[in-house]
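Q: So the protein sequences, as listed, match chains B and D. Counted the way our numbering counts, the first sequence spans residues 1 to 138. Counted the way our numbering counts, the second sequence spans residues 1001 to 1138. Glycine included, every Cβ here is placed at the ideal spot set by N, Cα and C. Quick one: the structure is below, and I'll ask about it shortly.
2 protein chains.
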Amino acid sequence: MEAYKIPMNLRAAYLSMHRQTNAHLARFGVTADQFVCLLILAEEDGIIQQELVKRATSDPNTIRAMLVLLEKRGLVVRAPHPRDGRARIVTITEEGRQIFAELVSALEPVRNRLTAQIPEADAKTLNELLRRVVEAME
Amino acid sequence: MEAYKIPMNLRAAYLSMHRQTNAHLARFGVTADQFVCLLILAEEDGIIQQELVKRATSDPNTIRAMLVLLEKRGLVVRAPHPRDGRARIVTITEEGRQIFAELVSALEPVRNRLTAQIPEADAKTLNELLRRVVEAME
DNA sequence: TATTGTTATACTCTATAACTATA
DNA sequence: TATAGTTATAGAGTATAACAATA
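Written as structure tokens, this is what we have:
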């Protein structure tokens, strides 16, 4: 079906990436989705849970479950928001950053395979086109 | 993180598509992944379960669970392979094809949104780049 | 009234390993 | 020995709705 070529390739690309990411992170006891949380926090720390939900394209329950696990392991901290009593500010800890660096290292083969058959210029194009898809789906 | 732009956009694009697909199919009691099974079978009927696993980028357990459900609803049939006693040939039923047509119809808004901000020529490029990613990840 | 987050619940998908029956 | 499929089990992610606290 012509109309489902992009959806099916999008699916295959994501699922393969997700599966290989989980496989490479298994020895750390971290899932691909937990890694996404850490990635977002490593880039912009001190955001509230709801913001994390948006950026991770996730939902409140899932993010909460992940944060509880990550907090138990001392990788993140959830602190009360100083001005909004409802919100919780999430921060990655120093230990979280250290482990995150190891995870990024362990994922090098996956990153390399992902764009192995795509030249630099095309990678930019791919990213831009995906960004437009995301924008349209919001 | 520069290296995670494509992965994160790939993730957001897939998850949004998947979520919206599930939402639009909910009233039929069919999941996005079950739809993928039907799509594959509607295109090339009479393949064995293992082949379905490969094409759906899935695993034996997941595919089996889906097929059992779809078979209970009379949408597919699993018959013994005439020459290989281990294998099962999966076929979509006439009722399966009818419902599949309705599902495709119900998903029109999702398909449209997906490429809403991408001209025809760019859609071809996107598909080709995704195909290369899939190829590299195998 | 609307929003942030939690709790409870149920279901789907995923991964592993052990098993059978066939090849 | 290897392969197709099943069974059992456990865990992770998802969706919904009801709720408390706060804005």
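Please identify, using Cβ separations under 9 Å, the residues of the segment 8-20 of chain B that lie next to chain D, in order along the chain.
A: Taking 9 Å as the Cβ-Cβ cut-off against chain D, the residues of the segment 8-20 of chain B that qualify are M8, N9, L10, R11, A12, A13, Y14, L15, S16, M17, H18, R19 and Q20.
Q: Considering only their Cβ atoms, is the gap separating B/T21 from B/A32 smaller than 8 Å?
A: Residue numbering aside, residue 32 of chain B sits at position 32 when the first sequence is read from its first letter. Residue numbering aside, residue 21 of chain B sits at position 21 when the first sequence is read from its first letter. In this structure, B/T21 lies closer than 8 Å to B/A32 by Cβ.
Q: Measuring CA to CA, which of D/A1123, D/L1129, D/Q1117 and D/R1097 is closest to B/P119?
A: Taking the first sequence and counting its residues from 1, the one referred to as residue 119 of chain B is at position 119. Of the listed residues, the one whose Cα sits closest to B/P119 is D/L1129.
Q: Please state the DSSP three-state secondary structure of B/V53.
A: Position 53 of the first sequence, counted from the start, is the residue given in the question as residue 53 of chain B. Note: B/V53 maps to helix in three-state DSSP.
Q: For a contact meaning CB atoms closer than 7 Å, what does D/N1127 contact in chain B?
A: The residue you call residue 1127 of chain D lines up with position 127 of the second sequence. Under the 7 Å cutoff, chain B gives K5, I6 and N9.
Q: Could you give the residue range of the alpha helix (DSSP H) that holds D/N1088?
A: In the second sequence, residue 1088 of chain D corresponds to position 88, counting from 1. According to the sequence as given, residue 1088 of chain D is Arg; it is not Asn. First-last for D/R1088: R1088 to I1092, but that is the beta strand (DSSP E), not the alpha helix (DSSP H).
Q: Taking C-beta to C-beta, are B/L107 and B/H24 nearer than 8 Å?
A: Here residue 107 of chain B corresponds to residue number 107 of the first sequence, with the count starting at 1. Here residue 24 of chain B corresponds to residue number 24 of the first sequence, with the count starting at 1. Result yes, Cβ atoms of B/L107 and B/H24 sit closer than 8 Å.
Q: Taking C-beta pairs closer than 8 Å, name the residues in chain D that B/T115 reaches, listed in chain order.
A: Against the first sequence, residue 115 of chain B aligns to sequence position 115. What B/T115 touches in chain D: I1006, V1133 and A1136.
Q: Report the option in D/Q1098, D/E1138 and D/A1042 whose CA atom is closest to the CA atom of B/Y4.
A: For the purposes of this step, residue 4 of chain B is taken as residue 4 along the first sequence, with counting starting at 1. Minimum Cα distance to B/Y4 is reached at D/A1042.
Q: Using a 10 Å radius around the Cβ and a threshold of 16 neighbouring Cβ atoms, would you call D/F1035 buried or exposed?
A: Against the second sequence, residue 1035 of chain D aligns to sequence position 35. Its Cβ being crowded by 16 or more others within 10 Å, D/F1035 is buried.
Q: Measure the alpha-carbon distance for B/I40 versus D/G1096 and round it to whole angstroms.
A: The residue labelled residue 40 of chain B in the question sits at position 40 within the first sequence. The residue labelled residue 1096 of chain D in the question sits at position 96 within the second sequence. Those two C-alpha atoms are separated by around 42 Å.
Q: Can the beta-carbon of B/M8 be found closer than 8 Å to that of D/R1113?
A: In the first sequence, counting from the first residue as 1, residue 8 of chain B sits at position 8. In the second sequence, counting from the first residue as 1, residue 1113 of chain D sits at position 113. The answer is no: Cβ separation not under 8 Å.
Q: So is B/R97 in contact with chain D if we call contact Cβ pairs under 8 Å?
A: Here residue 97 of chain B refers to the residue found at position 97 when the first sequence is read from its first residue. With 8 Å as the cut-off, B/R97 does not count as an interface residue toward chain D.
Q: Are the CB atoms of D/I1006 and B/T115 nearer to each other than 8 Å?
A: Start at 1 with the first residue of the second sequence, and residue 1006 of chain D comes out as number 6. Start at 1 with the first residue of the first sequence, and residue 115 of chain B comes out as number 115. Yes. Within cutoff.
Q: Against D/D1122, what residues of chain B qualify as contacts under a CB-to-CB distance less than 7 Å, listed in chain order?
A: Working through the second sequence from its first residue, we reach residue 1122 of chain D at position 122. Chain B residues near D/D1122: L129.
Q: Distance cutoff 8 Å, beta carbons only. Does D/L1039 sit that close to anything in chain B?
A: Here residue 1039 of chain D refers to the residue found at position 39 of the second sequence. So yes, D/L1039 belongs to the interface.
Q: Check for me: the beta strand (DSSP E) holding B/V30 runs from which residue to which?
A: Here the question's residue 30 of chain B lines up with position 30 in the first sequence. That residue, B/V30, is in no beta strand (DSSP E); it is neither H nor E in DSSP.
Q: Just the chain B side, please: which residues come within less than 8 Å of D/T1093 by C-beta, in chain order?
A: For the purposes of this step, residue 1093 of chain D is taken as residue 93 along the second sequence, with counting starting at 1. Within 8 Å Cβ-Cβ: nothing; D/T1093 doesn't reach chain B, min ~18 Å.
Q: Rank B/Y14, B/F28, B/S16 and B/E2 by C-alpha distance to the C-alpha of B/V104 and give the top, closest one.
A: Within the first sequence, numbered from 1, the residue matching residue 104 of chain B stands at position 104. Taking only the C-alpha atoms, the option nearest B/V104 is B/F28.
Q: Tell me, please, which residues DSSP counts as bridged to B/R78.
A: Taking the first residue of the first sequence as position 1, residue 78 of chain B is located at position 78. Paired residue(s): B/V90.
Q: Measure the CB-CB distance between D/V1077 and D/T1093 and report whether it falls below 8 Å.
A: In the second sequence, counting from the first residue as 1, residue 1077 of chain D sits at position 77. In the second sequence, counting from the first residue as 1, residue 1093 of chain D sits at position 93. Taking 8 Å as the Cβ cut-off, D/V1077 and D/T1093 qualify as a contacting pair.
Q: Tell me, to the nearest whole angstrom, how far the beta carbon of B/C37 is from that of B/M66; I am working on the premise that it is less than 8 Å.
A: Residue mapping note: residue 37 of chain B aligns to position 37 of the first sequence, counting from 1. Residue mapping note: residue 66 of chain B aligns to position 66 of the first sequence, counting from 1. Right, their Cβ atoms sit about 5 Å apart.
Q: Using a Cβ cut-off of 8 Å, pull out every chain B residue sitting near D/T1057, in sequence order please.
A: Numbered from its first residue, the second sequence carries residue 1057 of chain D at position 57. Within 8 Å Cβ-Cβ: R11, A12, L15 and S16.
Q: With distances taken from CA atoms, which of B/R83, B/I89 and B/D59 is nearest B/E71?
A: Here the question's residue 71 of chain B lines up with position 71 in the first sequence. For B/E71, the nearest C-alpha among the options comes from B/I89.
Q: Where does B/I47 fall in DSSP's three states?
A: Reading the first sequence from its first residue, position 47 is the one you call residue 47 of chain B. Note: B/I47 maps to strand in three-state DSSP.
Q: Beta-carbon of D/E1071 versus every beta-carbon of chain B: anything under 8 Å?
A: Within the second sequence, the letter at position 71 stands for residue 1071 of chain D. No, its Cβ sits nowhere closer than 8 Å to a Cβ of chain B.
Q: To the nearest angstrom, report how far apart B/K124 and B/E44 are at their CA atoms.
A: Position 124 of the first sequence, counting from 1, holds the residue named residue 124 of chain B. Position 44 of the first sequence, counting from 1, holds the residue named residue 44 of chain B. Taking the straight line from one Cα to the other gives about 23 Å.
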